[in-house]
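For reference, the structure is listed below as structure tokens.
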Amino acid sequence: MAESTQDNVVLDIRGQICPSCLLLALKELNRYGEAVRSGRLEIVVITDDRQATSTIPAAVDKMGYIAEVTHIPEGYRICLRGGV
Amino acid sequence: MDDSPFTLIVVASALIGLVAGFVMHRSDFCVTAMFRDLFLVNDRFLLRMLALLVVVSMIAFEFARLGGQLSPYPFPLLGPASLTTLVAGVLFGIGMVLAGGCVVGTLYKLGAGSVVAAVAFIGLLVGSVLYAEWHPWWSALARSTALHSAVTLPELLGLQPAYLILPLALVGLVYLVRCQRLGLLSRPAFARGHIAPWQAALVLAALGLISWYVIGMPLGITTSYAKLGATLESLVQPERVASLAFFQTQGLNYTPPFADAAVQGGAGPQLDAIAAIQYPLIAGIVLGAAVSALSVGEWRLRYRIPARQYASALLGGILLGAASRMVPGCNIWHLWGGVPILATQSLLFLLGLVPGAWIGSKLLSRMVIR
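Keeping their order, the protein sequence lines are chains S and V.
If you want my numbering, it's the 1-based position in the first sequence plus 184.
If you want my numbering, it's the 1-based position in the second sequence plus 282.
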């Protein structure tokens with residue numbers, strides 16, 4: 185369900201079994217970590233998993249990334265980018 | 283079913299379920315995640331919430347018992363621990379991780395519109411009914427591998443419950459206060475209408491106490507999964523259901539706190555005390571979660587997911603349903619009810635649950651979520 189565009193990787197994980205959101209986000213961070221860290225790429229997670237809005241920011245914070253959560257009509261948009 | 287002994291039980295169970303479902307959805311109080319995330323991402327945050335719930339329940343239950351407010355004590359349906367409890371605990375741990383939620387997590391996710399949780403729920407019914415096929419053999423094995431006749435650790439050690447429970451609770455409190463000072467009992471959350479898990483833990487502990495005080499036992503639901511499954515099976519195979527010993531057993535026989543006479547209940551399809559206690563609780567949890575999801579605009583049917591996740595939910599649900607009867611009892615029964623009074627069966631279940639969740643986490647990350 186990962187879709188790559190010029191500046192970001194979009195993961196649509198709506199409806200999936202727990203904890204798909206967290207695991208797939210971490211997997212993409214491992215794959216694109218260098219590009220995300222350098223600011224060339226952002227990983228965008230589209231989810232309706234309420235728990236992911238706290239577990240993903242907590243997990244990526246430990247890894248030195250920043251997570252920005254916004255509410256959207258489909259659920260939540262979690263944007264992962266490199267830390268400052 | 284005579285109305286009079288059951289009216290209070292039905293109303294209390296439904297209200298407790300409504301509050302529990304609402305709170306669990308808003309806080310995402312997922313018991314499966316407490317164990318699973320420890321192994322998947324070394325996240326102990328939710329496990330601390332379980333510790334909080336258990337420690338608060340230990341204190342609340344024990345002081346209520348000392349005040350003569352808890353009857354019967356220990357609560358009904360708890361049995362002596364046997365090696366089968368340990369084995370079934372492992373299977374339960376695997377099942378709940380593969381199903382994506384435990385017996386209660388499945389309900390609140392179902393209430394919020396999760397189709398994969400509905401599949402896990404069907405698996406739970408199937409697994410609960412399947413257990414009836416090997417119940418005579420399994421229950422004989424449980425009797426032959428029973429470790430001791432004592433139902434609780436204080437009873438096993440010949441101690442007054444307070445002498446063991448309160449010092450242990452004090453140790454737990456010291457740990458939790460230390461966690462609180464280090465900021466480990468809360469973390470940022472961005473979901474609409476979010477209730478902090480520590481607040482949910484306190485509410486759920488209070489609901490457990492109310493349930494025991496009013497109904498005569500803390501929260502538990504899984505015998506009714508077997509009952510509902512038996513009801514559905516009896517529509518197509520009534521002779522089969524009637525021939526299975528498991529569905530004829532009346533395991534529950536007790537006098538509720540505000541009743542004059544004893545009531546009975548079992549896993550068979552009849553409407554009895556088990557139905558009066560657990561059906562409203564199940565319906566309440568689903569409805570409470572649905573109200574919560576609707577009120578934040580997040581109720582929607584979600585079904586476009588990989589087929590292997592449906593397979594995992596179904597197989598996990600079947601394993602969970604069967605294991606909950608093999609234990610017997612589910613995670614909320616034992617972790618929120620039995621562990622706080624140091625029930626030996628519950629402690630052994632927890633001992634099995636942990637490696638089970640580890641195995642389930644390995645299976646989930648290698649075969650299901652890819």
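A virtual CB, placed ideally from N, CA and C, is assigned to each residue, including glycine.
- prompt: Which residues in the same chain as V:G405 place their Cβ atom closer than 6 Å to its Cβ, once the five residues preceding and following it in sequence are excluded?
  reply: L596, G599 and I600
- request: To the nearest angstrom, report how far apart V:S339 and S:A219 are at their CA atoms.
  value: 48 Å
- prompt: When you check each C-beta in the region 209 to 232 of chain S against every C-beta of chain V, which residues fall closer than 9 Å?
  reply: L210, K211 and D232
- request: Would you verify that the beta carbon of V:F403 is, or is not, closer than 8 Å to some beta carbon of chain S?
  value: no
- prompt: Within the 8 Å Cβ cut-off, does V:V398 reach chain S?
  reply: yes
message: Output needed in chain order: residues of the region 587 to 609 of chain V with a Cβ under 8 Å from some Cβ in chain S.
response: I587, P588, Q591, S594 and A595
message: At 3 residues or longer, what runs of the beta strand (DSSP E) sit wholly inside the region 370 to 412 of chain V?
response: none
- prompt: Would the beta-carbon of V:G395 be found less than 7 Å away from any heavy atom of the ligand ATP?
  reply: Because no ligand of any kind appears in the structure shown, any question about the ligand ATP cannot be addressed here.
Buried/exposed call for S:D232, threshold 16 Cβ in 10 Å: buried
query: Shortest alpha-carbon distance to V:P551 belongs to which of V:L348, V:Q530 and V:A541?
result: V:Q530
task: Tell me, please, whether the CB atom of V:D554 is closer than 8 Å to any CB atom in chain S?
output: no
message: Using a Cβ-Cβ cutoff of less than 6 Å, which residues in the same chain neighbour S:C205 once the five nearest sequence positions on both sides are dropped?
response: I197, T231, D233 and A236
task: Would you give the residue range spanned by the alpha helix (DSSP H) that V:I497 belongs to?
output: P479 to I497
- prompt: So, V:A458 versus V:A342, is the Cβ gap smaller than 8 Å?
  reply: According to the sequence as given, residue 458 of chain V is Leu; it is not Ala. It is not a contact, given that the beta carbons lie outside the stated cut-off.
- request: Kindly confirm or deny that the region 306 to 314 of chain V and the region 473 to 488 of chain V touch, where touching means at least three C-beta pairs closer than 8 Å.
  value: yes
- prompt: Is V:G619 near V:G454, with beta carbons less than 8 Å apart?
  reply: no
Chain V residues whose Cβ lies nearer than 8 Å to that of S:G199: S396, V397, V398, R584, Y585, R586 and I587
- prompt: According to DSSP, is S:I256 helix, strand or coil?
  reply: strand
Pairwise C-alpha distance: S:K211 and V:C612: 32 Å
message: Cutting at 6 Å between CB atoms, please list the residues of its own chain near V:Y585, excluding the five before and the five after it.
response: V397
Host beta strand (DSSP E) of V:Y507 (start-end): Element bounds for V:Y507: not the beta strand (DSSP E) but the alpha helix (DSSP H), T504 to V518.
message: Using only the alpha-carbon positions, how far apart do V:V408 and V:G603 sit?
response: 7 Å
message: From the DSSP secondary-structure annotation, give me the bridge partner or partners of V:G547.
response: V:L534
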